[in-house]
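Colleague:
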Amino acid sequence: QKLAIFASGTGSNYDAIHEAIQTGELEAELVLLVCDRPQALVIKKAADNGLPVFVFNPRDYSTKADFEAEIVKQLKKAAVEWIILAGYMRLIGTVLLECFEGRIINIHPSLLPAFPGLDAIGQAFDAGVKVSGVTIHYVDAGMDTGQIIAQQAVAIKPNMTRPALQSAIQLVEHELYPRTIQQLLTQGE
Ligand code: GRF
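Structure follows, in structure tokens:
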């Protein structure tokens, strides 16, 4: 099935998904990267892999509905079936939700509903919790509120530094996201 990844930043999850497709662990086709930050590192990664990229600057549009309508156009042109959010730092609006209802998923670096929103790793670290983790969920109009698909815990050991927690969480993300997407795509086959 045809996937689009939406990302705004470094793209380590993009890399993990691309790699899983290369190895055959994820049986899907990556057809488009959508990125809202013209300077993002993930754009270079996608371009190096020969993946078509749609980059836009939200400031060039007067409303979210306007840029989402343009995104929908690009998604339809590429026959995209699933939208995979991987560090896309914006809420999805009604235009995209109406066209791709139930086919947009996100990864979040905490055990939701704990620590939604920005800097979930920092939030968990500062709260002093002993367990955090990773959540993969369907996307709805809220901030990290959609139905949960998969979760994996990460222990926060005594004396663990914040960067160490971040690395531990990323390690789990890079394994859990491709595996969960594969499960979703093969459900009901
Ligand atoms: C990940 O931690 C993901 O959970 C969150 O944004 C981050 C993206 O990182 N939604 P990367 O750009 O994939 O490296």
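Those letters in the sequence shown? Residues 5 to 193, by full-length UniProt numbering.
Don't be surprised by glycine CBs; every beta carbon is placed ideally from N, CA and C.
Keep in mind that this is a model prediction, so the values were computed, not measured.
Since Asn110 sits in a beta bridge, which residues does DSSP pair it with?
Modeller: The partner list for Asn110 (beta bridge, DSSP) reads Leu89, His141.
Colleague: Can you tell me whether DSSP reads Lys134 as helix, strand or coil?
Modeller: Lys134: coil per DSSP, three-state reduction.
Colleague: Could you check where the beta strand (DSSP E) with Leu36 kicks off and where it finishes?
Modeller: Looking at the DSSP string, the run of the beta strand (DSSP E) that includes Leu36 is 33-39.
Colleague: Nearest CA to the CA of Asp144: which residue from Lys161, Pro117, Thr190, Ile108?
Modeller: Ile108
Colleague: Please report how far the alpha carbon of Val135 lies from the alpha carbon of Leu189, in whole angstroms.
Modeller: Cα to Cα, the separation comes out at about 29 Å.
Colleague: Consult DSSP for Leu175 and reduce its assignment to one of helix, strand or coil.
Modeller: helix
Colleague: Give every residue of the same chain whose Cβ lies closer than 7 Å to the Cβ of Pro182, excluding the five residues on either side of it in the sequence, and list them in chain order.
Modeller: Cβ within range, chain order: Ala20, Ile21, Ala24, Glu29, Leu30.
Colleague: Applying the criterion that 16 or more other CB atoms from any shown protein chain within 10 Å of the CB defines a buried residue, is Asn61 buried or exposed?
Modeller: exposed
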